[in-house]
Every structure is written in structure tokens, then in C-alpha cells.
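A short write-up of the structure that comes next.
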Amino acid sequence: MLDAFAKVVAEADARGAYLNDGQIDALMAMVADGNKRMDIVNRLTGNASTIVA
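Just so it is clear: in the sequence shown, position 30 is 39 by this note's numbering, and no numbers are missing.
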């Protein structure tokens, strides 16, 4: 995930520009999706014994 952030910032820096609203929104969406994935992993891990049984 850090690579995606670094890439967007580096590209903007190379252009001498700030991140635009669309880029910031895309990064925020990526973080939100990552948090959802972590919630799913935690639920699966927490219920592993029930799922396997």
C-alpha cells in the first residue's frame, strides 16, 4: 500500500503539483477497502474453529 501512496506523490512532485481531489479520493478509497479486508480477516480468524468444525 505504501508503494501506491509513494507513486502518486512522486508523480505529483515530478510535475511540481499538489495532489488533486481525485487522487486524494482514490487513496482514501484504497485505505477504506483495506480496512474492510482487515475486518473480514479478523472475523474469519476469530471464528476459525467454528468454520473448520
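Think of the CB as a built atom: it goes at the ideal place given N, C-alpha and C, for glycine as much as any other residue.
CB contact flag (residue i, residue j, <8 Å)
i, j, result
"V40", "L28", "no"
Beta-carbon contacts of residue i that lie in its chain and below 6 Å, excluding the five residues immediately before and after
i, result
"Q32", "V17"
8 Å CB neighbourhood of residue i in its chain, flanking five on each side removed
i, result
"A15", "none"
* Asked: Residue ranges of each beta strand (DSSP E) run of no fewer than 3 residues wholly in the stretch 23–47, ordered along the chain?
  -> none
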